[in-house]
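Okay, structure first, notes after.
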Amino acid sequence: MSTLQEKAKSFHQSHVKGKPLVLVNVWDAGSALAIQSAGATAIATGSWSVAAAHGEQDGEAMPFQLVLDNLARITASVDLPVTIDIEGGYGRFASEVKENVSQVIHHGAVGINIEDQLPDGAGLYDVEEQCLRLSAARKAADQAGVQLFINARTDIFLQNTPERHNDALLEEALIRSNAYAEAGASGLFVPGLQNPQLIQELCERSSLPVNVVTSREPSPQQLAELGVARVSYGPYPYLQAMEYLKDLGQSILSGN
């Protein structure tokens, strides 16, 4: 793929309901190269993993310039489309989001995750304000001439325990899905949602392709049968890699 526009188009086309794009989230250029070599069709970062790999906490504690520098190394190292998790956009106001998304595109990304959780993690942006932020991201992409895939994350389910996931929360998610689509979003990301029945209904009724995060279960095939269009693994690959490294270090240092 020779141009950013071609990568963006390919990335959009890979989101197919019932035949999901599977993303094994990475945290730096080395992990991105490993996942590309494993046969991936696209590369996705995860904010928790990127922060942890750089000795930072999740929640936009990592300086945005370091986020951009890390992104630039990833996009320079792989040939695949790259999407980046920018948490809440590293700015409360739409003007800040627009500038930051412009920078992300300039550094080679064709997709972003942007969430509706408030910066302090207590509650969500109201629908109207989040739509302004999403519209700003779309304007930045339009001005850059890149069909940016805006994966609009809602933390409705993540901020409620699985036992509290019900039809009422589903309806709230659908309200946001429809509004976010009108604001320029390309997909809906629902971390925390695990109930198969609710996932299936969301996929059937959402105007946007749905992204679900998993670890071991449910499998991509199981999620495909529910109508999911994108499966990601969040911090799971990083945690597994660090656990392996820890075990390897203990084995070596103990002389085994």
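Residues in the sequence shown are numbered from 1390 upward in steps of one, following the working numbering. The beta-carbon is built from N, C-alpha and C at its ideal position, and this holds for glycine as well.
I'd like the list of long-range same chain contacts for Ala1450, defined as Cβ closer than 8 Å, with 5 residues on each side in sequence excluded. In the sequence shown, counting from the first residue as 1, residue 1450 sits at position 61. Cβ within range, chain order: Ala1440.
When you compare only the Cα positions, how much space is there between Pro1585 and His1404? As a first step, residue 1585 must be located in the sequence shown, where it is residue number 196. As a first step, residue 1404 must be located in the sequence shown, where it is residue number 15. Whole-angstrom Cα-Cα distance: 20 Å.
Looking at the unbroken alpha helix (DSSP H) that takes in Ile1641, where does it start and where does it end? As a first step, residue 1641 must be located in the sequence shown, where it is residue number 252. Per DSSP, Ile1641 belongs to the alpha helix (DSSP H) from Tyr1625 to Leu1642.
Same chain, Cβ closer than 6 Å to Asn1567, five either side skipped, listed in chain order: Residue numbering aside, residue 1567 sits at position 178 when the sequence shown is read from its first letter. Taken in chain order, the residues that qualify are Ser1596.
Does Asp1458 come out as helix, strand or coil in the three-state DSSP assignment? The count along the sequence shown starts at 1 and reaches residue 1458 at position 69. Helix, per DSSP.
Which value, in whole angstroms, describes the spacing of the CA atoms of Gln1611 and Leu1537? As a first step, residue 1611 must be located in the sequence shown, where it is residue number 222. As a first step, residue 1537 must be located in the sequence shown, where it is residue number 148. Distance between the alpha carbons of Gln1611 and Leu1537 is about 28 Å.
Arg1619 (DSSP reduced to helix, strand or coil): To locate residue 1619, count along the sequence shown from 1; it is residue 230. Of the three classes helix, strand and coil, the one that applies to Arg1619 here is strand, per DSSP.
For Ala1572, name the three-state secondary structure that DSSP assigns. For the purposes of this step, residue 1572 is taken as the residue at position 183 of the sequence shown. Looking at Ala1572 - three-state DSSP - the assignment turns out to be helix.
Should Phe1482 go down as buried or exposed, given a rule of 16 or more other Cβ atoms within 10 Å for buried? Translated into positions along the sequence shown, residue 1482 becomes position 93. Exposed.
Between Ala1529, Pro1580 and Gly1419, which has its C-alpha nearest Thr1550's C-alpha? Sequence index remark: in the sequence shown, residue 1550 carries index 161 (1-based). Minimum Cα distance to Thr1550 is reached at Pro1580.
Tell me, to the nearest whole angstrom, how far the beta carbon of Ile1503 is from that of Arg1542; I am working on the premise that it is less than 8 Å. Reading the sequence shown from its first residue, position 114 is the one you call residue 1503. Reading the sequence shown from its first residue, position 153 is the one you call residue 1542. Going by Cβ atoms, the distance from Ile1503 to Arg1542 rounds to 7 Å, so yes, they are a contact pair.
Between which two residues does the alpha helix (DSSP H) harbouring Gly1500 extend? For this step, residue 1500 is matched to residue 111 along the sequence shown. No alpha helix (DSSP H) contains Gly1500, which is instead part of the beta strand (DSSP E) from Gly1500 to Glu1504.
Indicate whether Arg1522 and Gly1573 have their beta-carbon atoms separated by less than 8 Å. Position 133 of the sequence shown, counting from 1, holds the residue named residue 1522. Position 184 of the sequence shown, counting from 1, holds the residue named residue 1573. Result no, Cβ atoms of Arg1522 and Gly1573 do not sit closer than 8 Å.
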